[in-house]
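Protein chains in written order, with UniProt numbering: chain R, 1 to 494; chain X, 1 to 226. Reading through the structure tokens given below for one structure.
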Amino acid sequence: MNADWLPVLILLVPLSGALLALLNRRAAPYFSVLAAFITLLLGISAAWHVEAQGPIHASDGLFALDALGALYLLPVCFVYFTSSLYAIGYLWARKQEQASDEAEPRYRQYFPLMNVFALVILAVPLVANLALMWIAIELTTVFSAFLVAYEDRAEALEAAWKYVALTSMGAMIALLGVLMLYYGTHAAGQAPTWNGLLRAAPHMSAPLLLLAFVLWLIGFGAKTGLVPMHTWLPDAHSQAPASVCAVLSGVETSAALYMLLRIYPALAANPGIHDPAAWYMTAGLITVGSAAFMLLQVHDFKRMFAYSTIEHMGIILTACGIGAAVHEQGTVYQLFAHGFTKSFCFFAAGLAGIIFGTQEIAKVRGLISRSPAAGWALVLGTLAIAGAPPFALFLSEFEILYTGYSSGQYLPTGLLTAFIVIAFIALAYQATRIAFGAPDNIPEQHTAPTIKIPRSSLAAMAIAFIPMFVFGFYLPAPLLHLVHEAALMLEVPA
Amino acid sequence: MMAPVSAIMLSIDGSIAALFVIFGLGVMVSRQMLASLRFFMWQASALTASALALAYALQAVNLLWVALITFTTKVIAVPLVLRWAAGEEVYGRREVDQAMGIPASVLVAAMLALVGWFAVAPVLPTLHGVPFAAINLPTGLIMVLWGAFTVAVRRESVAQLMGLLIMENGAFFGSIAIVHNLTVIAEIAAAVDVPIVALVIGLLIRSIRRVTGSTRVGTLDKLHER
């Protein structure tokens, strides 16, 4: 098949999934899984093509996919598929659990919306034009608002409103930055694409480029969950269904981060901008540090994983600053591995929530004795997201820290190490309490009838576990090459 | 380098910018929801007028598209969407809750205007060949900041939506002076984006009103770290 068609097909399949889900509500979950599976296959084909034959440019420059885009596209496709599969049983189980509640969940809207949500996330690495990328990011918020408000209760609507208000505010700030870059590239005779921006950057006015970047940092930073614009993130994750959290946390927040990473080489290429890496390290360390300390006092296990997402966004941003002059393999691998690892964590958290009927850590003990599958998944997911070996994130965090120390950047790397250790301790402590704590110590055990864990959710978790575990010690040669190529795109030799 | 433009066109654009700022201030400080919406519509009309003036002065046909899109989506479509989604709340005589009083808001607005100006000041000398940039770019950035401030201090969902929309007006007001060549696809997408955003936020406002009995989002404060 001609690779030029792949970007279009990747976007058309979720759109078809959404339309079919609208037309036939009963079969909507299965159409979604099928669409997501086909998208995954197409995504792998596109990444394979990029690795073997270089970037794809299609439809007269409307679409483009390079190594960094492909490396981000893979977890998006994967999480879209696992989340769709997980949602079939999970949403059904939640419906059973909440049968007596007054609020009627938006079950009928879920699958069409989820497919459109996936479509706009997929568009971010696929469209070539900066303005279209901005529109795609803006629409991710719009189409996921009702997924966050799935429960249709006051708390869920509060979370959805905060999410929409804060991230849309960020998007409007970023819009002015996007349009400034549009001017900059046009004035230099280049197209408003990543490649055009890179070619134009040395000739652009440094104050203009810097102002555009600051607007991006604030605007896309709100979507990424950078402190202090992060407040929507724990609220949205505490209320949204776990299958939505998996996509929100795993790949949606990284969409805005992807934009922030990609502008770095342009900043570094401009002779008038001194040490852009410092911006990344500062914003990243503030975020990692704040998230690490917030993890110590968290009381809700879905909020715990949300703070962990904030921590990871900060790690990636810091890593970009640290690795810029050396090498960026750790940065891009962290972006890649965070997607499926975090989705696995939310899958496990969702099951724990169903089993205990609460998300409060204090009320959840002895998960392993109640459900070994959910309990072990939560423990392994927490260890994986905290960066323990032999999981994929251990590899990337080790690489980031090694890069920092070996290049003599002791202060930022030391701080990053300290924050990662604090977050690790907090996560491991909370997970062991949830999984191994004695059930008898809880005065008010959840008395709801035992709910059998849905098989589709277990299957999704089993699939999500594979890359999280295997990519910690083995990377297939094409993937390794793709990681290397993606890293080269961010590296700017000193 | 763009062609020089006449002083008359510069003064026309300057006057429109002044109106644009006044209407933005109106959105920010008006106590009535309906007044806030009307100020927003007037501001979007000022943006349309500026796009038309620049299209004429710079012979930039694409800015005619921007003018048409702005007028259709913001002056016509958004009010219709809001009437459908939260009609009683917007068109009834409803006072807007806010976390900060009007005098303090005006003071903060003045400070934000200074911040916006100083942020753009280093950029302007590098845009010496772009005739309207010195008027539109600072005005646009100031409006983006005012919009963000409006979202932060208003406790009413419709008023917060107005804040978001004046931020977008600001971004476009700033950029029409420097970008006349958004590709047609990006323009069409932008045209679709605004009504979709307004529609979805309108639906969310409708849900909030149905569940809580009001569109006051200031009362939604159950979610926080204990």
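Beta carbons: idealized from backbone N, C-alpha and C, even for Gly.
| Query | Result |
| --- | --- |
| What are the start and end residues of the alpha helix (DSSP H) that includes I422(R)? | Y410 to F436 |
| Just how far apart, CA to CA, sit M41(X) and V21(X)? | 13 Å |
| So, at 7 Å on beta carbons, what are the nonlocal neighbours of Q329(R) in its own chain, with the 5 sequence-adjacent residues on each side left out? | E399, V483, H484 and A487 |
| In chain R, what lies closer than 9 Å to S207(X) by C-beta? | F146, A149, D152, L157 and A160 |
| Near L458(R), what residues of its chain come up, given a Cβ to Cβ distance below 7 Å and the 5 sequence neighbours on each side ignored? | A373 |
| Can you give me the C-alpha to C-alpha distance between K223(R) and F143(R), rounded to a whole angstrom? | 14 Å |
| Nearest chain R C-beta to V21(X) closer than 7 Å, yes or no? | no |
| Could you pull out every residue in the same chain whose Cβ sits closer than 7 Å to the Cβ of A362(R), ignoring the five residues on either side in sequence? | H299 |
| For the candidate residues M169(R), L119(R), T185(R) and A93(R), whose alpha-carbon lies nearest to that of A131(R)? | T185(R) |
| For the stretch 264-287 of chain R, enumerate the residues whose C-beta is nearer than 8 Å to any C-beta of chain X, in chain order. | none |
| If I measure Cβ to Cβ from residue 497(R) and keep anything under 6 Å in the same chain, skipping five residues before and after, which residues do I get? | No answer is possible for residue 497(R): it lies beyond the span of chain R, which begins at 1 and ends at 494. |
| D193(X) by DSSP, collapsed to three states: which one? | helix |
| In angstroms, rounded to a whole number, what distance separates the CA positions of M1(X) and F172(X)? | The predicted position of M1(X) is uncertain, since its pLDDT is 48 and thus under 50; a value taken from the coordinates is nonetheless stated next. Near 21 Å, if we compare the C-alpha coordinates of F172(X) and M1(X). |
| List, in order along the chain, the chain X residues whose C-beta lies closer than 8 Å to that of S168(R)? | L164, V197 and I201 |
| Looking only at DSSP bridge pairs, what is L65(R) linked to? | I56(R) |
| Give me the DSSP bridge partner(s) of D300(R). | E360(R) |
| So A426(R) and A292(R) are supposed to be a Cβ contact under 8 Å. How far apart are they, rounded? | 7 Å |
| For L124(X) and D235(R), what's the separation of their Cα atoms in angstroms? | 40 Å |
| In whole angstroms, what separates the C-alpha of Y405(R) from that of D4(R)? | 42 Å |
| Note down the Cα distance separating Y182(R) from V179(X), rounded to an integer number of angstroms. | 7 Å |
| Measuring CB to CB, does residue 554(R) end up less than 7 Å from I44(R)? | Outside the displayed range of chain R (1 to 494) lies residue 554(R), so it cannot be described from this structure. |
| From the DSSP output, read off the bridge partner residues of E156(X). | R216(X) |
| Any Cβ of chain X within less than 7 Å of the Cβ of E491(R)? | no |
| In this structure, does DSSP put V326(R) in helix, strand or coil? | coil |
| Could you name the residues of the same chain whose beta carbon sits closer than 6 Å to that of A156(R), not counting the 5 residues immediately before and after it, in chain order? | A149 and Q239 |
| Who are the neighbours of P122(X) on chain R, taking C-beta pairs under 7 Å? | P207 |
| At which residues does the alpha helix (DSSP H) containing A128(R) begin and terminate? | Per DSSP, A128(R) belongs to no alpha helix (DSSP H) and is neither H nor E. |
| Kindly identify the DSSP beta-bridge partner or partners of Q98(X). | R154(X) |
| Given a cut-off of 7 Å, decide if L215(R) and I173(R) are closer than it, judged by their beta-carbon atoms. | yes |
| With a CB to CB cut of under 8 Å and the five nearest residues on each side skipped, what residues in its chain are close to L197(R)? | L130, L181, G184, T185, Q190, I263 and A266 |
| Should A148(X) and M259(R) be called a contact, given that it needs their Cβ atoms to be closer than 7 Å? | no |
| Cβ of residue 510(R) less than 7 Å from any chain X Cβ? | Residue coverage of chain R in this structure runs from 1 to 494, which leaves residue 510(R) outside it and unanswerable. |
| Could you list the residues in the stretch 105-136 of chain R with a C-beta less than 7 Å from some C-beta on chain X, going in chain order? | N129, A131, L132 and I135 |
| Which same chain residues, not among the five before or five after Q160(X), have their C-beta less than 6 Å away from its C-beta? | V151 and R154 |
| Any idea what DSSP makes of Q32(X), helix, strand or coil? | strand |
| Below 8 Å on C-beta distance, what does M24(X) contact in chain R? | Residue identity differs from the one stated: residue 24(X) is Gly in this sequence, not Met. The contacting residues do not exist; G24(X) stays about 13 Å from chain R at best. |
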